[in-house]
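Line by line, the protein sequences give chains A and B.
Under my numbering, think of the first position of the first sequence as 1, with each following residue one higher.
Under my numbering, think of the first position of the second sequence as 1, with each following residue one higher.
From the three backbone atoms N, C-alpha and C, an ideal C-beta is built for every residue, glycine too.
None of the values given here were measured: they were computed from a predicted structure.
Written out below as structure tokens is the structure these notes cover.
There are 2 protein chains.
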Amino acid sequence: MSNPSPIDELFAFLRFASVSTEPRHQEDVKACAGWLVEKFRSMGLSAARHETAGHPVVLARNAHQPGRRTVLIYGHYDVQPVDPLELWSHPPFEPRIVNGKIFARGATDNKGQILAHILGVEQALQRDGDLPVNVIFLVEGEEEIGSPNLRGFLEAHRDELQCDVVAISDTGMLAPGVPTFTYGLRGIVALEVKVKGPALDLHSGIFGGAIANPATMLARLVATLHDAQGRVAVEGFYDDVAPLQDWERELWRQLPVSDAELLTLTGAPGLFGETGYSSTEQMWARPTAEVNGLGGGFQGVGSKTVIPKEAFVKLTFRLVPNQDSQKIAALVQAHLEQHCPPGVTLEITAGHAGMPYVMDPHSPYGQAAQRALKATFVREVALIREGGSIPIVQTFKDVLGVETMLLGLALPDCRAHAPDENFPVENFEAGMRLNAALLKELANR
Amino acid sequence: MSNPSPIDELFAFLRFASVSTEPRHQEDVKACAGWLVEKFRSMGLSAARHETAGHPVVLARNAHQPGRRTVLIYGHYDVQPVDPLELWSHPPFEPRIVNGKIFARGATDNKGQILAHILGVEQALQRDGDLPVNVIFLVEGEEEIGSPNLRGFLEAHRDELQCDVVAISDTGMLAPGVPTFTYGLRGIVALEVKVKGPALDLHSGIFGGAIANPATMLARLVATLHDAQGRVAVEGFYDDVAPLQDWERELWRQLPVSDAELLTLTGAPGLFGETGYSSTEQMWARPTAEVNGLGGGFQGVGSKTVIPKEAFVKLTFRLVPNQDSQKIAALVQAHLEQHCPPGVTLEITAGHAGMPYVMDPHSPYGQAAQRALKATFVREVALIREGGSIPIVQTFKDVLGVETMLLGLALPDCRAHAPDENFPVENFEAGMRLNAALLKELANR
Numbered sequence: 001m002s003n004p005s006p007i008d009e010l011f012a013f014l015r016f017a018s019v020s021t022e023p024r025h026q027e028d029v030k031a032c033a034g035w036l037v038e039k040f041r042s043m044g045l046s047a048a049r050h051e052t053a054g055h056p057v058v059l060a061r062n063a064h065q066p067g068r069r070t071v072l073i074y075g076h077y078d079v080q081p082v083d084p085l086e087l088w089s090h091p092p093f094e095p096r097i098v099n100g101k102i103f104a105r106g107a108t109d110n111k112g113q114i115l116a117h118i119l120g121v122e123q124a125l126q127r128d129g130d131l132p133v134n135v136i137f138l139v140e141g142e143e144e145i146g147s148p149n150l151r152g153f154l155e156a157h158r159d160e161l162q163c164d165v166v167a168i169s170d171t172g173m174l175a176p177g178v179p180t181f182t183y184g185l186r187g188i189v190a191l192e193v194k195v196k197g198p199a200l201d202l203h204s205g206i207f208g209g210a211i212a213n214p215a216t217m218l219a220r221l222v223a224t225l226h227d228a229q230g231r232v233a234v235e236g237f238y239d240d241v242a243p244l245q246d247w248e249r250e251l252w253r254q255l256p257v258s259d260a261e262l263l264t265l266t267g268a269p270g271l272f273g274e275t276g277y278s279s280t281e282q283m284w285a286r287p288t289a290e291v292n293g294l295g296g297g298f299q300g301v302g303s304k305t306v307i308p309k310e311a312f313v314k315l316t317f318r319l320v321p322n323q324d325s326q327k328i329a330a331l332v333q334a335h336l337e338q339h340c341p342p343g344v345t346l347e348i349t350a351g352h353a354g355m356p357y358v359m360d361p362h363s364p365y366g367q368a369a370q371r372a373l374k375a376t377f378v379r380e381v382a383l384i385r386e387g388g389s390i391p392i393v394q395t396f397k398d399v400l401g402v403e404t405m406l407l408g409l410a411l412p413d414c415r416a417h418a419p420d421e422n423f424p425v426e427n428f429e430a431g432m433r434l435n436a437a438l439l440k441e442l443a444n445r
Numbered sequence: 001m002s003n004p005s006p007i008d009e010l011f012a013f014l015r016f017a018s019v020s021t022e023p024r025h026q027e028d029v030k031a032c033a034g035w036l037v038e039k040f041r042s043m044g045l046s047a048a049r050h051e052t053a054g055h056p057v058v059l060a061r062n063a064h065q066p067g068r069r070t071v072l073i074y075g076h077y078d079v080q081p082v083d084p085l086e087l088w089s090h091p092p093f094e095p096r097i098v099n100g101k102i103f104a105r106g107a108t109d110n111k112g113q114i115l116a117h118i119l120g121v122e123q124a125l126q127r128d129g130d131l132p133v134n135v136i137f138l139v140e141g142e143e144e145i146g147s148p149n150l151r152g153f154l155e156a157h158r159d160e161l162q163c164d165v166v167a168i169s170d171t172g173m174l175a176p177g178v179p180t181f182t183y184g185l186r187g188i189v190a191l192e193v194k195v196k197g198p199a200l201d202l203h204s205g206i207f208g209g210a211i212a213n214p215a216t217m218l219a220r221l222v223a224t225l226h227d228a229q230g231r232v233a234v235e236g237f238y239d240d241v242a243p244l245q246d247w248e249r250e251l252w253r254q255l256p257v258s259d260a261e262l263l264t265l266t267g268a269p270g271l272f273g274e275t276g277y278s279s280t281e282q283m284w285a286r287p288t289a290e291v292n293g294l295g296g297g298f299q300g301v302g303s304k305t306v307i308p309k310e311a312f313v314k315l316t317f318r319l320v321p322n323q324d325s326q327k328i329a330a331l332v333q334a335h336l337e338q339h340c341p342p343g344v345t346l347e348i349t350a351g352h353a354g355m356p357y358v359m360d361p362h363s364p365y366g367q368a369a370q371r372a373l374k375a376t377f378v379r380e381v382a383l384i385r386e387g388g389s390i391p392i393v394q395t396f397k398d399v400l401g402v403e404t405m406l407l408g409l410a411l412p413d414c415r416a417h418a419p420d421e422n423f424p425v426e427n428f429e430a431g432m433r434l435n436a437a438l439l440k441e442l443a444n445r
């Protein structure tokens, strides 16, 4: 056949600079959605691009048959920004394979993983002429900005999206070749704080000492977010946190992960986190407060002796069951206002928010997913939670009333959200096999 | 005559983008020095551009006569960077006059003030054919980066720079029309701190909780620099601080300055400084720690959920008599290392440093300067200290053994170091008259 190879298809998908958070990439996002629709139609699925208040949602489905199970496979075609661009070894939207890994923005998160499912379905259709289950693909373009329009979309399309279970490959594998089932995710609350002082940058010699420095005050404000034990110091922050269960603490202790590997993987000079918890517990099941960016005053080479007129900090809080994102957002805002340093004012802008999620890995769908993973990788499955957020998982539960199976293919060193993001060719191929095994398990269950 | 007007000359001087801290402006700095040499020669002075390890020094002198007093008039032709460029109403190197004020980078600091002295001498020579004193002009190109090569230059040219006193117009006037004699300056210590964490930006969901966040840790480190009373919390920082004298506290209380005016001038939402001191005392005679710039992580629009690999802060400390800049630099470095937060490392880069200065305003040269100011503005002279740093003043004392008269012409709203820097035409003209009055007073003393 003269069809392009799976790698060719992935490269074409990766070449779209579909950065959802940056207005200048709006047309790239749209074109990427259009490419997906054409891909689905070429496979013989019915497909359409649905406009939203933001970026489009792509829906596709095979010819559904009554009495079969229906699985909704979710993914996203939008990607994170690429800066700092100078730290990439190759241009982020010119994919290439080096040492068996595909390098490009979105290679792992999430284009490589969702396309593996799509091409898995294509191969099954070419081989068998049919699928063993009803399939709905839902691929959105706003995951990296918190999926602001997806809940409304699900509500508006509730009937045609009725399904038995959701499958998502957007989480991680513990290590190469280790099949990993993720039964929990953290939620998120994002916000930005501007600390405002004088009407203009002031000479720090002439005025320094009598005028509050917004950059200094920003630092003092950020320093109030944690105590010395690494706990978040926002009042009430831990009130609704579900304690870790003994069985999962015990299971995680036996996983093939270590602090030494974490240090090697990240290159950090040392680990630091909440006292009383292991690194995996800190990352997977404890809430956090993180500075994702801060800035203010002179940014150039050398020195410029100013009191900057303002400074900013971008914050995200990761949440765990049973914290509520709206309640935490309100607690954080109250904390910031209560700790506003003297001589400055605060301007707080709410960002995206998403609920944490946990499902029972011993449920029938949980077991089906684990069998598919074991069949694909021929190895015992690791049961973990994960620190990232896919808020849409909770939304699927709220709106469609179904659980989500998280069957991730991302490796620990995939550099998602960072320069040189990559995805091994073997994981891409495993993803296509996993799709076939999963559809078979769901048909048999 | 077909000579250009003083304003034309100032505009030509201001058009050079002589930003000493930015390597890309190196040629502009050099060309500006060349323009000055030509100007001096056209007035009939002998003049030369002297190369240094950094930017050139321009020296000029009239034909000296034995038995006359010799005054060294110091200024600088380099300027601060212009960013944030978008906040300028007009391009910073295209001077223009709006409502009687000259707008351009360097208009006040220091091109307008030093050129007033130069043109004052030119006018006296044209009118009288001679000056009443021996004059040496020393105009350097590295003041805004801490004059790193001037001490060496003074030492190498000690003989030809022998003088009785130094005069500088690079300080402020309390208010329009209020002649102001500055008898003290703060010193400075600058340094930059990089807080380093993981080898690359990490996904803050996947890793957050177990890896120290360099931006968070930077904030915590900066927050250790002050206590709740606004005092600098570096151990030993205040050990050598000379207490304010009763006579100056009393004099300053009577000055026509108020906290309300300071708020109006700066647009700050409130004042904040060290408990127990008035605003003028805080700015003129108490030491400080200021953040001039900080940054790290995502700087764009929207959000990017990373743990940044590093973050930076640019700090300056203003010093007062009798603090020693080298000693303070060592204390600060020790403080930062001692307070290095967990899970990160620090990279500290020392910047420029300069000693604080104070002279006796009741000395003969102090009185001569005050008489010249009074004659120029026809009003009682305000005696103040100032918060900025002109480290070279202490260097003149050390190397040449002479005191410096500070006869500033900068207004409080001149926006030195900030966008829309400006200098009133009337202050430029007063500067030319002040030069004539000063040379006469020095001849008579």
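Would you say the beta carbon of residue i is closer than 7 angstroms to some non-hydrogen atom of the ligand FMN?
i	result
A/Met432	Absence of the ligand FMN from the depicted structure is noted, as is the absence of any ligand whatsoever, leaving it without description.
Buried or exposed: residue i, going by 16 or more other Cβ atoms within 10 Å of its Cβ?
i	result
A/Ser20	buried
A/Thr349	exposed
A/Leu87	exposed
B/Tyr74	buried
A/Trp252	buried
B/Thr264	exposed
B/Pro4	exposed
A/Asp522	Only positions 1 to 445 of chain A appear in the structure, and residue 522 of chain A is not among them; the question remains open.
Assuming residue i is part of the alpha helix (DSSP H), what are its boundary residues?
i	result
A/Glu140	Per DSSP, A/Glu140 belongs to no alpha helix (DSSP H); it is in the beta strand (DSSP E), 134 to 140.
B/Ala116	113 to 128
A/Arg220	214 to 222
A/Leu263	259 to 266
If I measure Cβ to Cβ from residue i and keep anything under 7 angstroms in the same chain, skipping five residues before and after, which residues do I get?
i	result
B/Arg286	Glu274, Tyr277, Val320
A/Ala416	Thr108, Asp109, Ala410
B/Asn62	Leu45, Leu131, Asn134, Val135
A/Asp413	Leu265
Starting from residue i, follow the beta strand (DSSP E) in both directions and report where the run begins and ends.
i	result
A/Asn422	422 to 424
B/Ile479	Outside the displayed range of chain B (1 to 445) lies residue 479 of chain B, so it cannot be described from this structure.
B/Glu155	Not the beta strand (DSSP E): B/Glu155 falls in the alpha helix (DSSP H), residues 150 to 156.
B/Lys196	187 to 196
B/Gly75	70 to 76
A/Arg253	Taken as a continuous stretch (DSSP letters only), A/Arg253 belongs to no beta strand (DSSP E), being part of the alpha helix (DSSP H) at 246 to 253.
A/Leu59	57 to 61
Compute the Euclidean distance between the alpha carbons of residue i and residue j, then round it to the nearest angstrom.
i	j	result
B/Arg158	B/Asn322	26 angstroms
B/Ala228	A/Val222	15 angstroms
B/Glu248	A/Val332	47 angstroms
B/Phe428	B/Val139	18 angstroms
B/Leu218	A/Arg69	53 angstroms
A/Asn149	B/Asn422	49 angstroms
B/Met1	B/Arg41	Here B/Met1 scores only 45 on pLDDT, less than 50, and its place in the model is too uncertain to base an answer on.
B/Glu337	B/Thr345	9 angstroms
A/Leu315	A/Phe137	33 angstroms
Give me, in chain order, the residues of the same chain whose beta-carbon lies closer than 6 angstroms to that of residue i; leave out the 5 immediate sequence neighbours on both sides.
i	result
A/Gln282	Gly273, Glu274
A/Pro55	Checking the sequence, you will find His at residue 55 of chain A rather than Pro. Around A/His55: Ser20, Val29, Gly141, Glu142.
B/His117	Ile73, Asn435
B/Lys111	Phe13, Leu14
Can you list, in chain order, the residues of its chain whose CB lies under 8 angstroms from that of residue i, leaving out five sequence neighbours each side?
i	result
A/Pro448	No answer is possible for residue 448 of chain A: it lies beyond the span of chain A, which begins at 1 and ends at 445.
B/Val402	Leu72, Cys163, Asp164, Val165, Val166, Phe396
So residue i contacts chain D; which residues on that side make the cut at Cβ distance below 7 angstroms?
i	result
B/Ile307	Absence of chain D from the displayed structure is noted, the protein chains being A and B.
Quiz item: Taking only runs of the alpha helix (DSSP H) that begin and end inside the stretch 346 to 381 of chain B, which ones reach a length of at least 4 residues, in chain order?
Solution: 364 to 377
Quiz item: Where in the stretch 273 to 309 of chain A do unbroken runs of the alpha helix (DSSP H), each at least 4 residues long, occur, reported from the N-terminal end onward?
Solution: 279 to 285
Quiz item: If you scan the stretch 378 to 421 of chain A from start to end, which runs of the alpha helix (DSSP H) of 4 or more residues do you find wholly inside it?
Solution: 392 to 400
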